[in-house]
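Order-wise, the sequence lines are chains R and U. All residue numbers for the first sequence refer to UniProt numbering, where the first residue is 1 and numbers rise by one. All residue numbers for the second sequence refer to UniProt numbering, where the first residue is 1 and numbers rise by one. Single-structure report; data block below.
2 protein chains.
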Amino acid sequence: MILSQKLENFVLHCGEMGSRWGFNRTIGQMVGLLVISEQPLSANEIAEALRISRGNVSMGIKELQSWQLVKVIHVPGDRKEYYAPNGSIWDLANKVFEERRKREIDPTLTLLRDSIIEPAESNEEAYAQEQMQQIHDLLETVTKWSAELQRLSPEQLQTLMKLGSSVSKVIDLKDKLLKK
Amino acid sequence: MILSQKLENFVLHCGEMGSRWGFNRTIGQMVGLLVISEQPLSANEIAEALRISRGNVSMGIKELQSWQLVKVIHVPGDRKEYYAPNGSIWDLANKVFEERRKREIDPTLTLLRDSIIEPAESNEEAYAQEQMQQIHDLLETVTKWSAELQRLSPEQLQTLMKLGSSVSKVIDLKDKLLKK
DNA sequence: ATTGACTTTCAAATTTTACTGAAACTTTAA
DNA sequence: TTAAAGTTTCAGTAAAATTTGAAAGTCAAT
Chain R
1 MILSQKLENF VLHCGEMGSR WGFNRTIGQM VGLLVISEQP LSANEIAEAL
51 RISRGNVSMG IKELQSWQLV KVIHVPGDRK EYYAPNGSIW DLANKVFEER
101 RKREIDPTLT LLRDSIIEPA ESNEEAYAQE QMQQIHDLLE TVTKWSAELQ
151 RLSPEQLQTL MKLGSSVSKV IDLKDKLLKK
Chain U
1 MILSQKLENF VLHCGEMGSR WGFNRTIGQM VGLLVISEQP LSANEIAEAL
51 RISRGNVSMG IKELQSWQLV KVIHVPGDRK EYYAPNGSIW DLANKVFEER
101 RKREIDPTLT LLRDSIIEPA ESNEEAYAQE QMQQIHDLLE TVTKWSAELQ
151 RLSPEQLQTL MKLGSSVSKV IDLKDKLLKK
């Protein structure tokens, strides 16, 4: 398993980006590799392609499974496990989004709610709480909205995105219709 | 500058989240602190409140300025510089989004474009390129859409988000209008 | 041109995070 | 029940990121 220059570049780039998406470099590379590979890969092939230890691959796979980003494939008559991306690019992106929401936004919302609910004990706290309320409202709106968007079919979502800013015209229109 | 338990919790939490949003723990704490503080704070006050070194604050401020998240305030007759969040919560969130797009999505799009443009040199590369094309299209759609959304006024955006799932009705509506 | 109040820089120390590889574990087949 | 082929775990090590603090820099007032 040796990658051409072009493919290696892509995989390395995924590594750099990996940390931004919520995992570490190696795991980013693993996702990149699996995505561009037509055949499922065994742990050894991954280790070889990325020049990392077998143990590291094992830990990476575990992490990717907790994100639901890879699926395991068993080939009859072969005891090795093979790994492949769990769904289309679109599915993967969705899962990353969803998972990050769970890990980052939700705990923050909880903390903010708890903080806001108890009465301010000073002027400073009163101001701080107003700000926290703002953050809370923002996060909640965004969370709800992204949940709604996920309910739309990919086609509807495409339509909506392609509407772009002219979506505002449609909204205005809707307002007018409602008033009638 | 000593924080009440509640405020300290919030600041620490911002620290944890900081790394998710693209900066490190300390810088996350700094943002949290500035956001909940009604008065602008001097570098020394920040260092004291967060129990970190003066030098660290200086570097953090520099980083936050590169994200355009803080503004400097000069008080007449006082040589110290004071720092405050650069805009509302909404503005800050927007800036983080915008900045991350620049730092993460844009370079990825460039790499993908470059990779896709040159012809595949093998079957593997051909498959890989198809996948890269998918990623490219996804990122481009999302980028364009977020740019469009940023053009809407906050009120329009609020309206849109609050539409929630009935957004699909709006889409249907649009379809019908087009057909006429 | 010196002092004092402040800020910035950056090499070195520290802390955190990731990786390796050998040992332990699991599973299948003979 | 043993061996062989595979996977996982985790203590120790290596690498990366962060932090400190002392020194250098800036600037206004004297």
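Here a beta-carbon is modelled for each residue, glycine too, at the ideal position from N, C-alpha and C. Every value quoted in this text rests on a predicted model; they were computed, and no experiment measured them.
So residue 81 of chain U is in the beta strand (DSSP E); what residue range does that whole segment cover? 81-85
Please confirm if residue 43 of chain R has its CB atom under 8 Å from at least one CB of chain U. Using beta-carbon distances, residue 43 of chain R does not count as an interface residue toward chain U, since no partner is under 8 Å.
Can you tell me whether DSSP reads residue 73 of chain R as helix, strand or coil? strand
Following the continuous alpha helix (DSSP H) through residue 66 of chain R, name the residue where it begins and the one where it ends. 54-66
Give the straight-line distance between the Cα atoms of residue 63 of chain R and residue 80 of chain U, rounded to the nearest whole angstrom. 47 Å
Applying the 10 Å Cβ sphere with the 16-neighbour rule, what's the burial state of residue 60 of chain R? buried
Counting C-beta neighbours from all protein chains within 10 Å, is the total for residue 57 of chain U 16 or more, i.e. buried, or is it exposed? buried
Three Cβ pairs or more, each shorter than 8 Å: is that satisfied between the segment 164-173 of chain R and the segment 157-169 of chain U? Contact between the segment 164-173 of chain R and the segment 157-169 of chain U is present, because at least three Cβ pairs lie under 8 Å.
Is the Cβ of residue 71 of chain R closer than 8 Å to any Cβ of chain U? no
Got a sec: is the Cβ-Cβ distance from residue 164 of chain R to anything in chain U below 8 Å? yes
Taking residue 92 of chain U and residue 69 of chain U to be in contact with their CB atoms under 8 Å, please state how far apart those CB atoms are, rounded to whole angstroms. 6 Å
Below 8 Å, can you find three or more Cβ-Cβ pairs linking the segment 28-35 of chain U to the segment 7-19 of chain U? Cβ pair count under 8 Å is three or more, so yes.
Residue from R:143, R:146, R:167 with nearest C-alpha to residue 153 of chain U: R:167
By the 8 Å beta-carbon criterion, what residues does the segment 76-93 of chain R contribute toward chain U? 88, 89, 90, 93
Taking the alpha-carbon positions, what's the residue 143 of chain R to residue 95 of chain R distance? Rounded to the nearest angstrom, the two C-alpha atoms are 14 Å apart.
Looking only at its own chain, which residues have a Cβ that is under 6 Å from the Cβ of residue 1 of chain U, when we skip the five neighbours before and after it? Closer than 6 Å at Cβ, skipping near neighbours: 45, 48, 49.
Residue 54 of chain R to residue 136 of chain U, Cα distance in whole Å? 31 Å
Whose Cβ in chain U lies nearer than 9 Å to the Cβ of residue 20 of chain R? 22, 100, 103, 104
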